[in-house]
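K.L.:
First to last, the protein sequences are chains E and X.
Counting in our numbering, the first sequence runs from 1 upward without gaps.
Counting in our numbering, the second sequence runs from 1001 upward without gaps.
The beta carbon of each residue, even a glycine, is placed where N, CA and C say it ideally should be.
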Amino acid sequence: MTHAELAVDTEHEEAANDRTMFGFWVYLMTDLLMFAVLFAVYAVLKNSTVDGPSGRDIFNPTLALAGTLVLLVSSFTVGIGMIKARLGIKKQALIWFGLTFILGLAFLGITMYEFYEIIHKGYNLGTSAFLSAFFILVGTHGLHIISGLIWLGVIMVYVMKRGLNKHMIRKLTLLSLFWHFLDIVWIFIFSVVYLMAFV
Amino acid sequence: MREFFIGKLDGSSLPHEYHTILGTISFFAMILAAVGILTYTKRWKWLWNDWLTSVDPKKIGIMYFIVGAFMLIRGGIDVIMMWVQQAMASGTSDGYLSAQHYQEIFTAHGNIMVFFVAMALIFGLINYIVPLQIGARDLASPFLNTLGFWLYVAGVAMVNMFFLLGGEYAATGWLAVAPLSGKEFSPGIGVDYWIWSLQISGIGTTLGAINFVMTILKMRAPGMSLLKMPLFTWGSLCSMMMAVTVFPLLTATLFLLFFDRYFGTHFFTTDGGGNPMMYTNLIWMWGHPEVYILMLPSFGVFSEVVSTFSRRPIAFYKSNVLGMIGVSVLAMFVWLHHFFTMGAGAEVNSAFGVATMLIAIPTSVLVFSWIATIYKGKIRFTTPMLWFLGFIAVFTLGGISGVLLAIPPVDFQLHNSLFLVAHFHSTVIGGVLFGIFAGFNYWFPKFAGFRLNERIGRYAVFAWIIGFFVAFMPLYILGLMGATRRLERYDSSTGWQPFFIIALIGGLIICVAVALQVAQIIASFMQKRRLLDVTGDPWDGRTLEWSIPSPAPSYNFAVIPKVSSRDPFFDMKEAGIKKPIYKDIHMPKSTGVGIYISIFAFLIGFGFVWEIVWLPVVSIIGIIITLIIKTFNEDSEYTIPAAVVEKMEEYEADKINTILKSDDRYKEDMGLKEFIRILITWALGLVGIKR
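1. Should Lys1218/X be flagged as near chain E, meaning a C-beta pair shorter than 8 angstroms?
2. Under 8 angstroms by Cβ, that's how I've got Arg170/E and Asn17/E pegged, so tell me the actual separation to the nearest angstrom.
3. Name the one or two DSSP bridge partners that Pro1588/X has.
4. Below 8 angstroms on the Cβ atoms is my guess for Arg1566/X versus Lys1228/X; work out the distance and round it to an integer in Å.
5. Using the three-state DSSP reduction, which class does Gly1011/X fall into: helix, strand or coil?
6. At the 8 angstroms Cβ level, is His141/E part of the contact set with chain X, yes or no?
7. Compare the C-beta of Arg170/E with all C-beta atoms of chain X and state if any pair is closer than 8 angstroms.
8. How many angstroms separate the CA atom of Val1156/X from the CA atom of Val1114/X?
9. Who are Ser1090/X's beta bridge partners in DSSP?
10. With 8 angstroms set as the bound, which would you pick, yes or no: does the beta-carbon of Glu1634/X sit closer than that to a beta-carbon of chain E?
11. Are the CB atoms of Val1246/X and Trp1286/X within a distance shorter than 8 angstroms?
12. Using a Cβ cut-off of 7 angstroms, which residues of the segment 1130-1153 of chain X contact any Cβ in chain E, in chain order?
13. Just checking: is the beta-carbon of Leu38/E within a distance shorter than 8 angstroms of some beta-carbon in chain X?
14. Can you name, in chain order, every residue of its own chain whose Cβ lies under 7 angstroms from the Cβ of Glu1017/X, other than the five neighbours on each side?
15. What does DSSP give as the partner residue(s) for Phe1450/X in the beta ladder?
16. Which residue from Trp1464/X, Asp1050/X, Phe1143/X puts its Cα closest to that of Gln1517/X?
17. Skipping 5 residues on each side, what residues in its chain have a beta carbon closer than 8 angstroms to that of Trp1443/X?
18. What does DSSP give as the partner residue(s) for Ser1417/X in the beta ladder?
19. How about Asp1664/X: is its C-beta nearer than 8 angstroms to some C-beta of chain E?
20. For His200/E, would you say it is in contact with chain X, using Cβ-to-Cβ distances shorter than 8 angstroms as the test?
21. Taking the alpha-carbon of Leu1249/X as reference, which of Ile150/E, Val37/E, Leu149/E has the nearest alpha-carbon?
22. Excluding the five sequence neighbours on either side, which residues of its own chain have a C-beta within less than 8 angstroms of the C-beta of Gly98/E, listed in chain order?
23. Checking contacts by CB at 8 angstroms: is Met1278/X closer than that to chain E?
24. Buried or exposed for Gly1135/X, going by 16 or more other Cβ atoms inside 10 Å?
25. Between Phe1268/X and Leu1257/X, how many whole angstroms is the CB-CB distance? I'm expecting something under 8 angstroms.
26. Starting from Gly1541/X, follow the alpha helix (DSSP H) in both directions and report where the run begins and ends.
27. How many angstroms separate the CA atom of Pro1276/X from the CA atom of Thr1341/X?
28. For Val26/E, which residues in chain X fall below 7 angstroms Cβ to Cβ?
29. How is Ala66/E classed by DSSP in three states: helix, strand or coil?
30. Are Phe1212/X and Met1240/X closer than 8 angstroms when you measure CB to CB?
31. Three Cβ pairs or more, each shorter than 8 angstroms: is that satisfied between the segment 1496-1508 of chain X and the segment 1082-1094 of chain X?
32. Do Ser1550/X and Lys1589/X have their C-beta atoms within less than 8 angstroms of each other?
33. Closest by CA to Met1385/X, which one among Val1461/X, Gly1592/X, Leu1420/X, Leu1397/X?
34. Tell me which residues share the same chain as Ser1619/X and place their Cβ nearer than 8 angstroms to its Cβ, disregarding the 5 neighbours each side in the sequence.
35. Suppose you measure from the CA of Glu1003/X to the CA of Met1161/X; what does that come to, to the nearest Å?
36. Sorted by chain position, which residues of the same chain lie with C-beta nearer than 6 angstroms to Gly88/E's C-beta, five sequence neighbours on each side aside?
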């Protein structure tokens, strides 16, 4: 390949990269709108507790705070991981992403434990409209975390196998965007669902 | 154990009523015919490699057209059944449909026409034309495009699945209003089919829309700034932006309804603190913009058609663009006018009423822009232009009745009446369908390499316009007389029957019009050598899609054009075309992944409809694995070397020259009489009679 052709090729690659990033931002917006619906639904049904408990009765603020902190830290670790990956330091990048993975798992565990606690008290998503909205909103976030974890795990395996080539960097960038996005959504959940319950 | 494996399926799910048996038979007949033809002509490989797995937006566009046309006929049969029932079922006569069956028909008619016909045809046009208009070789993400298309096909399969299994569709109206669509009032599987057909195709639409927003904003030819984009591309951009904004709402709402039905949550139920009106709000927040998602590309088509056939650049281009943006923004804030009767109070109702009336302003700006373009233009009354004139007549009627309905006190009277039905059919048939037909006639040379028959096309336009008015004017009158929509029988003392019979006659005229359209296409294929588009520019067009040969080569543009004005091709023609310098072209490879994922998506829906628990689980794992394999396959492109591009371009030119020499091109377009004569001769020949 001549020098000129190589330049055309990189240009082509970069344009494709740019489009993918933009498209992913648009996708994140659509996902955010889905959450917007769930938030709106939660706001409407928050007081429809019927005979069931209200948020104040069943929420465990310590647990929610712990979850928030874990997720915030994981956003930090994924950021550091990205820096290391861009520098091409594969081993360190993998360590930071591994740490993110563990923190994500921990967050998931906390959410599941919280659900378990509520269900253990004898309430479930059919108890009242309020609990339906709560379980679906927090559960949808949890499902996103699960898909993020699967994605992260798979990418880590491929990074181990293929190294940090430019395709991997692109995929990691998208993943870190997704992860920060989930963090932001969680901050809203923390404020709207947990903090508001104790106002 | 049996329940685990096949859920609620049992012998009674098999077709046993006359309509489901007929549906099943025709379904299998079509499948058998297709399989037979493909095997006989040995075309299986060709079908799979060249079409089904293709990521070429042009081929995907044509596939959208084919499936959409099938569904148009499917939805059309529904409406004929309704017309006949309403003309019959007065007084002592009960008509020939049961109440339940009638309700299922109007629900299916609405769903099919909006989701599986209008959306498909609009996506078909956008897929084919937008890349050509902006000077792009493919889409931002070719994979998302094929995935979107195949998810749409999975939705089509799901909406027709009830013929084969279950025999029951939703009887809830096309938006399945709560709480009627809840488990309590609709315990059967009809609503589940409804949910999953819309869910799957809706997700496909979201993905497709993301892709087009990316494509239009990021892949325009050098020099084409936003305000130099052709207006069809502008309409598509507005439409796709709206789709990206509202389709997630549909997805979320359908999931909530699904949870209500499947997991016993209380979002939209009457008990447990649920709020049915929240469903109505959410679904219309998507539903109203949806209408404009269909309408805006159509507006764009008309801008192109009017400009080309008046031989003038579009007048007030910037106002036209602003008008489309205005429509798309305002359309987001009017959803409540669908249920003024909810009781939100005078303030809320008037706010939404005023917002609705405001939409008339940007829409009028568009209409004036077209009229100003025609003014002093050299008009050619070709078929697309006639569709435009039909649009002005029909759509204006719909618009005016819409402004009337936007007044809350009037709406209280006319809410859910046939007046409303007539109103939205005026807007959707006039605005969307006529736009699609105009676009189809206008761009057909680009799709096929020859233009459509003008004479039979003209008859089709007039039959459609006459049929429309005969069919829908009685509905306006009936609505004012108090006839509500979704009525399967009525008392003879109402005096409505004559009007319903006139409406049926109008419906039959529309059937004739559709038959004429089919005849137009067949006649054009018979005369295709004569109608051949040699230059790639049959209408003396102004935009980039006309600068390349018809049909467009797989890479669209051998050389990416440089744009410096709003009518780049018109300028090129003025300046004369130089000999191009070819470069290597990168093209995406075909992929079957979209098909696999859609099959899994269909199985997820199917599993949930019939409560076969393992099926969705397995299918979701299937999707994840397919996606992983797909994303980590980095070899997704191939390169056409410059020398090959040059050869292909030369070959294309040669091919046209040989055809030119071999045929006389000076006969007229075939008329209807000649078409019928040929058809009869052929049919007689088939049974062995010689004339």
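P.N.:
Reading off the structure:
1. Yes, contact with chain E.
2. About 6 angstroms separates the beta carbon of Arg170/E from that of Asn17/E, a gap short enough to meet the 8 angstroms contact definition.
3. Bridge partners of Pro1588/X: Glu1637/X.
4. The Cβ separation is near 5 angstroms, so the contact holds.
5. Helix at Gly1011/X.
6. By this cut-off, His141/E is not an interface position.
7. Not one chain X Cβ lies under 8 angstroms of Arg170/E.
8. Looking at the two C-alpha atoms, the distance is approximately 12 angstroms.
9. Beta-bridge analysis with DSSP links Ser1090/X to Tyr1490/X.
10. Yes, Glu1634/X lies at the interface with chain E (some Cβ there is under 8 angstroms from its Cβ).
11. Taking C-beta atoms as the reference points, Trp1286/X and Val1246/X count as a pair closer than 8 angstroms.
12. Closer than 7 angstroms at the C-beta level to chain E, one finds these residues of the segment 1130-1153 of chain X: Ala1140, Ser1141.
13. Proximity of Leu38/E to chain X, defined by a Cβ-Cβ separation below 8 angstroms, is satisfied.
14. Within the same chain, Cβ atoms closer than 7 angstroms to the Cβ of Glu1017/X are found at Gly1167, the five residues on either side in sequence being excluded.
15. Per DSSP, the beta-bridge partners of Phe1450/X are Leu1532/X.
16. Minimum Cα distance to Gln1517/X is reached at Trp1464/X.
17. The beta carbon of Trp1443/X sits closer than 8 angstroms to those of Leu1125, Tyr1128, Ile1129, Glu1545, all from its chain and outside the five residues before and after it, given in chain order.
18. Per DSSP, Thr1484/X.
19. Below a pLDDT of 50, predicted positions are generally treated as unreliable, and Asp1664/X, at 48, falls in that range; no measurement from the model is reported.
20. Since the displayed chain E opens at 1 and closes at 199, residue 200/E lies outside it and no answer follows.
21. When Ile150/E, Val37/E, Leu149/E are compared, the shortest CA-CA separation from Leu1249/X is found for Val37/E.
22. Excluding sequence neighbours, Gly98/E sits near Met156.
23. Among the CB atoms of chain E, one or more fall inside 8 angstroms of the CB of Met1278/X.
24. Burial call: buried.
25. About 6 angstroms; that satisfies the 8 angstroms criterion.
26. Judged by DSSP secondary structure, Gly1541/X falls outside any alpha helix (DSSP H); it is assigned neither H nor E.
27. If I take the Cα positions, the gap works out to 14 angstroms.
28. What Val26/E touches in chain X: Ile1210, Val1213, Met1214, Val1244.
29. Residue state, collapsed to three classes: helix.
30. For Phe1212/X and Met1240/X, yes; Cβs fall inside 8 angstroms.
31. Counting Cβ pairs under 8 angstroms, three or more are found: they touch.
32. Here Ser1550/X is not near Lys1589/X, since their CB atoms are 8 angstroms or more apart.
33. Checking every option, the nearest Cα to that of Met1385/X belongs to Val1461/X.
34. Here Ser1619/X has Phe1600, Ala1601, Leu1603, Ile1604, Gly1607 as same chain residues with Cβ atoms under 8 angstroms from its own Cβ, once five neighbours each way along the sequence are excluded.
35. Their Cα atoms are separated by approximately 20 angstroms.
36. If we look at Gly88/E and ignore the five residues flanking it on each side, its Cβ neighbours are Leu164.
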